[in-house]
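Inspection log for the structure reproduced underneath, given as structure tokens.
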Amino acid sequence: MTQPFSTVNVLGYDFIRATQQEFVDQLKKDSDEHANRFVVTANPEIVLTALNDPKYSDVIKGSDYLTADGIGIVKGAAILGESLPERVTGYDTMCAILKWADKAHKSVYFLGARSEVISTMIEKIRSDYPGLQIAGYHDGYFKDDTEIVSEIAASGPDFVFCALGFPRQEYFIARNRRAADAIWMGIGGSFDVLAGYAERAPQWWIDHHIEWLYRLVKEPSRFIRMLALPKYLLLVLKSRLTGRR
Ligand code: UDP
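Numbering (the numbering used here), first residue to last: 10 to 254.
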């Protein structure tokens, strides 16, 4: 496809230069054209994993849109003297698309999270977005793709949201995206948030770019995972000093 956005290369990965709104508008356009798209919303942890795993790296590079989901990516671009307008998160993108899908009667397939989480979320979606068509749903704890992929192919959704956590969700999409011409997007723990099983940081923390700190306070067990942020920034700094991206 022709990339509608300019991109900023950080550590070998091309992030789209788009605001949250511009990105959502592009997805609506793609969806209206029945385009097949693979969206990766990447944070520093995803990039570090990709840097250490050539197979995952190829999957990320094979996406159509790579967005900066994480202040670390935006700061990383700034360290290189480039600018990314803002974070474009999986959660915000999903919420905006759900609203639109409600009005435009688009259909969505939901895949991922624990069984009780997805059931609660589906109930909520039925009541909050009555115009949205639920193409189908399945929890994220399955062994074999086959049945789920046949269901996706048969229902022909406009969007497939995969909340399997990384890297599983990106591998799943890369393997199966040809089953339906839809917008396929990996969205991590977003179903837990939507269903009310996990909390997103209050707006103040988000506005002050410390959503990561809020998550750390709430879930101290994520500490090791969060070391990805300083590690990533150090790598970007190093790449700036050596002139290699
Ligand atoms: N998950 C899943 N299948 C798996 C592993 C994880 O559906 O095999 C779900 C898990 O229930 C959670 C999400 O994937 O809803 C991962 O959440 P996390 O907050 O770790 O993701 P992040 O947004 O940090 O990537």
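Note that the Cβ used here is the ideal one computed from N, Cα and C, for glycine as well.
What you are looking at is a predicted structure, and each value in this text was computed from that prediction instead of being measured.
Subject >> M103 burial status per 10 Å Cβ neighbour count (16 or more: buried) >> reply: buried
Original post:
When burial is assigned at 16 or more other CB atoms within 10 Å of the CB, is F47 buried or exposed?
Top reply: buried
Subject >> C-alpha gap between I157 and P94, whole angstroms >> reply: 37 angstroms
Subject >> A86, enclosing alpha helix (DSSP H) - first and last residue >> reply: I80 to I88
**OP:** For the alpha helix (DSSP H) holding I106, just list the boundary residues, first then last.
**Re:** G99 to A113
Original post:
When every heavy atom of ligand 1 is checked, does at least one fall within less than 7 angstroms of the C-beta of Y223?
Top reply: no
Original post:
Comparing alpha-carbon positions, which option in V17, A113, T251 and M130 lies nearest V83?
Top reply: V17
Original post:
Could you give the uninterrupted runs of the alpha helix (DSSP H) lying entirely in the stretch 173 to 225, keeping only those of 4 residues or more?
Top reply: 177 to 185, 199 to 203 and 212 to 216
**OP:** Classify S116 as helix, strand or coil using the three-state DSSP reduction.
**Re:** strand
Original post:
Tell me which same chain residues have a C-beta within less than 8 angstroms of the C-beta of F232, skipping the five on either side of it?
Top reply: L225
Subject >> Top-ranked residue by Cα proximity to P166, from K240, A27, S248 and M194 >> reply: M194
Original post:
Do you know offhand how far A204's Cα is from L242's?
Top reply: 33 angstroms
Original post:
Could you give the distance in angstroms between the alpha-carbon of D201 and the alpha-carbon of E132?
Top reply: 13 angstroms
Original post:
In terms of residues, what are the limits of the alpha helix (DSSP H) holding D153?
Top reply: Per DSSP, D153 belongs to no alpha helix (DSSP H) and is neither H nor E.
Original post:
From A191 to L246, what distance separates their C-alpha atoms?
Top reply: 37 angstroms
Subject >> Residues near R234 in its chain [Cβ-Cβ closer than 7 angstroms; skip 5 each side] >> reply: E54
Original post:
Rounded to the nearest angstrom, how far is the Cβ of G140 from that of D101, given a contact under 8 angstroms?
Top reply: That belief does not hold up - the Cβ atoms of G140 and D101 are roughly 20 angstroms apart, past 8 angstroms.
Original post:
Who are the near neighbours of M130 in its chain, counting only those whose CB is closer than 6 angstroms to its CB and skipping five residues on each side?
Top reply: F200, L203 and A204
Original post:
From what residue to what residue does the beta strand (DSSP E) around A51 run?
Top reply: R46 to A51
**OP:** Would you mind reading off the limits of the alpha helix (DSSP H) that contains Y241?
**Re:** A237 to T251
Original post:
So L107 packs on I134, CB below 8 angstroms; how close in whole Å?
Top reply: 7 angstroms
**OP:** Verify the contact flag: F200, CB atom, against every heavy atom of ligand 1, threshold strictly below 7 angstroms.
**Re:** yes
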